[in-house]
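J.:
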């Protein structure tokens with residue numbers, strides 16, 4: 556290889572190296588801006604303006620088109636409230652769980668909770684599902700209940716999919732109870748406990764429903780005690796046991812259980828129950 560050719564090759568290598576270095580630098584800067592909300596108060600991401608996220612991600616994609624830069628641009632567009640731009644960038648992402656998650660986020664941004672939940676269900680994002688249903692329940696409880704019933708049915712059709720069916724039934728129980736559907740709530744809580752017998756929170760919710768709503772002292776006591784088997788520090792379970800003991804006239808046990816509850820949590824809530832306070 557002649558000297559001029561070697562020099563040309565070296566120059567091309569240097570140019571390509573500088574180009575890639577610039578592309579990676581812009582990509583890293585875009586990543587930092589996208590992480591600014593989760594970053595520590597005094598950190599580099601917090602120093603970068605949030606408005607830089609989309610231009611940086613778009614520039615990174617032009618310099619070096621990658622699935623990540625397309626996703627970053629879509630996330631930045633969503634954060635800016637530009638659903639149209641987000642949709643364009645999502646279309647550039649390859650099929651897969653990341654594209655599914657971004658389509659779910661876009662549907663949620665547009666107020667389509669059902670489509671968002673279906674996307675997150677396929678993606679197995681339990682936290683996103685819970686957030687969608689919880690937020691929807693604050694403004695449209697019947698719609699949230701219908702959505703949670705749909706999610707439970709989908710999980711029952713394919714039990715291998717996350718999130719856990721126990722959690723799905725527990726959340727369904729809470730929504731049924733808030734909707735005044737006592738029998739349906741009891742069935743959902745019972746199913747949650749059946750699917751996750753060592754999840755104390757599910758047993759506690761079922762016990763509280765049995766005691767405070769259905770006044771079934773025998774069954775409620777069983778599930779309050781099951782709660783304590785899983786979580787001995789569950790103060791509300793001791794409150795329930797204290798009230799059941801008081802209702803049957805065992806004041807000594809009632810006082811002891813209530814003292815245990817307050818020793819665990821001095822501010823534990825004690826609901827008013829006629830004949831049990």
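Residue numbers (our numbering): 556 to 832.
Note that CB positions come from ideal geometry on N, CA and C, so glycine has one too.
1) Report the residue from 634, 805, 629 and 621 whose alpha carbon sits nearest the alpha carbon of residue 655.
2) Please classify residue 735: does DSSP put it in a helix, a strand, or coil?
3) Helix or strand or just coil, what does DSSP make of residue 647?
4) Near residue 615, what residues of its chain come up, given a Cβ to Cβ distance below 6 angstroms and the 5 sequence neighbours on each side ignored?
5) The alpha helix (DSSP H) spanning residue 823 covers which residue range?
6) Is the distance from the Cβ of residue 809 to the Cβ of residue 797 below 8 angstroms?
7) Just reading off the alpha helix (DSSP H) that residue 674 is part of, what are its end residues?
8) Report all residues from its chain with a CB closer than 6 angstroms to the CB of residue 659; omit the five preceding and five following residues, and keep chain order.
9) Is the segment 757–770 close to the segment 727–745, with three or more CB pairs under 8 angstroms?
10) Measure from the alpha carbon of residue 688 to the alpha carbon of each residue in 800, 722 and 712, then state which is nearest.
11) Can you look up residue 791 in the DSSP assignment and give me helix, strand or coil?
12) So residue 799 and residue 766 are in contact, right, with Cβ under 8 angstroms, and what is the actual spacing, rounded?
13) Of all the alpha helix (DSSP H) runs that stay within the bounds of the segment 686–723, which reach a length of 4 or more residues?
14) I'd like the list of long-range same chain contacts for residue 612, defined as Cβ closer than 7 angstroms, with 5 residues on each side in sequence excluded.
15) Residue 633 lies in the alpha helix (DSSP H); which residues open and close that run?
16) Report the start-end ranges of each alpha helix (DSSP H) in the segment 750–816 that is 4 residues or longer and not cut off at the edges.
17) Anyone know if the C-beta pair for residue 609 and residue 578 falls short of 8 angstroms?
18) How about residue 755 and residue 740: do their beta carbons lie closer than 8 angstroms?
19) Measuring CB to CB, does residue 813 end up less than 8 angstroms from residue 794?
20) Using the C-alpha atoms, what's the distance from residue 680 back to residue 576?
21) Please classify residue 703 as buried or exposed, where buried requires at least 16 neighbouring CB atoms within 10 angstroms.
22) Any idea what DSSP makes of residue 661, helix, strand or coil?
23) On the premise that residue 665 lies in contact with residue 638, defined as a C-beta separation below 8 angstroms, what is that separation, rounded to the nearest angstrom?
24) When the Cα atoms are used, what is the spatial distance from residue 825 to residue 701?
25) Thinking C-beta only, is residue 685 closer than 8 angstroms to residue 691?
26) Do residue 649 and residue 622 have their beta-carbon atoms positioned less than 8 angstroms apart in this structure?
27) Thinking residue 833 and residue 790 are a contact (beta carbons under 8 angstroms), I'd like their distance in whole angstroms, please.
T.: Result, derived from the coordinates:
1) 629
2) coil
3) coil
4) 581, 582, 585 and 624
5) Careful: residue 823 lies outside any alpha helix (DSSP H) and carries neither H nor E.
6) yes
7) 668–678
8) 671, 674 and 675
9) yes
10) 722
11) helix
12) 7 angstroms
13) 696–712
14) 585, 624, 627, 628 and 631
15) 622–635
16) 755–763, 772–785 and 790–802
17) no
18) no
19) yes
20) 34 angstroms
21) buried
22) helix
23) 6 angstroms
24) 32 angstroms
25) no
26) yes
27) Since the first and last residues shown for the chain are 556 and 832, residue 833 lies out of range.
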